[in-house]
Amino acid sequence: MQDHVQRSGEQPTPSCDIAADDIPVNGHKPGKAVTASVYRAKIAGHSRVVTVSWSRDLLSHSFAVSVTGVDGAATECRIDLRPWQFWRRSGSRRVELAGTAPATVRVLWDLRRARFGAGLPEPREGYYVAVEGAGEVVLVVGDMRKDALRRAAPCAPAATEAVPVARREHVFGRRRFAAKARFHDQGAVHNISIECGGGGEGGDADMEMTIDIDGEEVVQVKHLQWKFRGNQSVTFSRAKVEVYWDVHDWLFSAGMRPALFIFRPIVLSSASAPAGGMVVLDESPPVATGFCLYLYAWKLE
1 MQDHVQRSGE
11 QPTPSCDIAA
21 DDIPVNGHKP
31 GKAVTASVYR
41 AKIAGHSRVV
51 TVSWSRDLLS
61 HSFAVSVTGV
71 DGAATECRID
81 LRPWQFWRRS
91 GSRRVELAGT
101 APATVRVLWD
111 LRRARFGAGL
121 PEPREGYYVA
131 VEGAGEVVLV
141 VGDMRKDALR
151 RAAPCAPAAT
161 EAVPVARREH
171 VFGRRRFAAK
181 ARFHDQGAVH
191 NISIECGGGG
201 EGGDADMEMT
211 IDIDGEEVVQ
221 VKHLQWKFRG
231 NQSVTFSRAK
241 VEVYWDVHDW
251 LFSAGMRPAL
261 FIFRPIVLSS
271 ASAPAGGMVV
281 LDESPPVATG
291 FCLYLYAWKL
301 E
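Residue numbers (full-length UniProt numbering): 1 to 301.
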């Protein structure tokens, strides 16, 4: 562990391209599983923010694709996937983006063979969601990229691929919160575990928190009631990540409110990235990426 810094009473302020509050949430409410991935893409000559979000409740899945321009003009395509509506599992829809740089965007999807993990809102495999604008396919999400490009023909892949800039996830638990997440879309899937509870004989009056990544403890915070906000640079598997936490609402707010954890990868050299998706350690100065993973942890009573 390196550069251990903890601040009580201050908000974590990582330098991320997209703030957590700027990520559209597809109908989120406590207890509802939601994920959202944010990309920057060039559509019709202008930079746009494209958000692909997924949600799940007891009866159905849904996904939404929203596109926002530099002037704040936004449009959204939302699809509800109910078990009895088989025809909605494959299709396309055109939406118009207004504002100072109007454009037509087409969303294409195929989830007929999609496989979902237990309780997870986002498919694991067997699907694609694609975004096309101005005759170019600017984004493909899922493992069926070739199928998406065939479906979008004669549109060709964009010369500049969409860049992932943020991801937002929600997890639920009582003392332990577990998530499988990438720190960016090109990296490996990591197992993140957060555990919070009373420490020693002090019980709830002396709270502790640990954060594990891939089974390795990277953060330990004692006397959490005094250190409920903070950050720490951690290294694991030849990678470096800045971890921020804000658990104020767990400790001091009434009702069900989440804690916020932010994971920001840091590039440590210009060498080739290993399997973990980060860059090999060397003597080069660290450079923070613009990507952030936002993890909201909801405590269930």
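All C-beta atoms in this analysis are idealised placements derived from N, C-alpha and C, irrespective of residue type, glycine included.
When you compare only the Cα positions, how much space is there between residue i and residue j?
i: HIS223; j: ARG238; result: 30 Å
i: ASP110; j: ALA101; result: 29 Å
i: ALA134; j: MET144; result: 22 Å
i: residue 322; j: ALA181; result: Residue 322 lies beyond the residue range present for the chain, which begins at 1 and ends at 301; the question has no answer from this structure.
i: GLY99; j: VAL65; result: 18 Å
i: TRP250; j: PRO154; result: 52 Å
i: PRO274; j: GLY187; result: Unreliable positioning characterises PRO274 in this predicted model, as indicated by a pLDDT of 42, which lies under 50. The coordinate reading is nonetheless provided below. Using only the alpha carbons, I get a separation of about 9 Å.
i: GLU76; j: GLY198; result: 44 Å
i: PRO258; j: SER90; result: 35 Å
i: VAL140; j: ILE266; result: 25 Å
i: ALA148; j: TYR128; result: 6 Å
Which stretch, first to last residue, makes up the alpha helix (DSSP H) that contains residue i?
i: HIS248; result: 248-252
i: ALA152; result: 145-152
Within the same chain, show all residues whose beta-carbon is closer than 6 Å to that of residue i, passing over the 5 residues directly before and after it, in chain order.
i: VAL171; result: PHE177, ALA179, ALA297
i: GLU116; result: Note that residue 116 is Phe in the sequence shown, not Glu. Within the same chain, PHE116 has close Cβ partners PRO123.
i: SER42; result: Checking the sequence shown, residue 42 turns out to be Lys, not Ser. Counting only Cβ-Cβ distances below 6 Å, and skipping sequence neighbours, we find THR160.
i: PHE126; result: Just to set this straight, residue 126 is Gly in the shown sequence, not Phe. Cβ neighbours of GLY126 beyond the five flanking positions: ARG113, ALA114, ARG115.
Please work out which residues of its chain come closer than 7 Å, Cβ to Cβ, to residue i, disregarding the five sequence neighbours upstream and downstream, and give them in chain order.
i: ALA33; result: SER55, ARG56, GLY119, LEU120, PRO121, HIS170
i: THR210; result: GLU195, GLU217, VAL219, GLN220
Determine the extent of the beta strand (DSSP E) in which residue i is found, giving its start and end residues.
i: THR68; result: 61-68
i: GLU229; result: Here residue 229 turns out to be Arg, not Glu, going by the sequence shown. Counting along the chain, the beta strand (DSSP E) containing ARG229 begins and ends at 229-236.
i: ARG167; result: 163-173
i: ALA297; result: 292-299
i: ALA130; result: 128-133
i: ALA41; result: 33-43
i: THR104; result: 103-110
i: ARG113; result: That residue, ARG113, is in no beta strand (DSSP E); it is neither H nor E in DSSP.
i: TRP226; result: Run containing TRP226: none; DSSP gives neither H nor E here.
i: GLY255; result: That residue, GLY255, is in no beta strand (DSSP E); it is neither H nor E in DSSP.
i: ARG78; result: 74-81
i: ARG182; result: Counting along the chain, ARG182 falls outside any beta strand (DSSP E), and DSSP gives it neither H nor E.
Under the assumption that residue i contacts residue j (Cβ atoms under 8 Å), give the Cβ distance between them as a whole number of angstroms.
i: ARG94; j: THR104; result: 6 Å
i: ALA74; j: SER53; result: Actually they are not in contact, since the Cβ atoms of ALA74 and SER53 sit about 13 Å apart, beyond 8 Å.
i: ALA158; j: VAL137; result: 6 Å
i: LEU300; j: ARG150; result: Rounded, the Cβ-Cβ distance is 44 Å, inconsistent with contact.
i: PHE183; j: VAL241; result: 6 Å
i: LEU97; j: ALA130; result: In fact, because the Cβ distance is near 16 Å, the residues do not count as touching under 8 Å.
Buried or exposed: residue i, going by 16 or more other Cβ atoms within 10 Å of its Cβ?
i: ARG48; result: buried
i: ALA166; result: buried
i: PHE252; result: exposed
i: ALA156; result: exposed
i: ALA152; result: buried
i: LYS146; result: exposed
i: LEU58; result: exposed
Skipping 5 residues on each side, what residues in its chain have a beta carbon closer than 8 Å to that of residue i?
i: SER60; result: ASP80, LEU81, ARG82, PRO83
i: ASP214; result: HIS190, ASN191, PHE236, SER237
i: ARG40; result: ASP17, SER47, ARG48, VAL49, VAL50, ALA162, VAL163, VAL165
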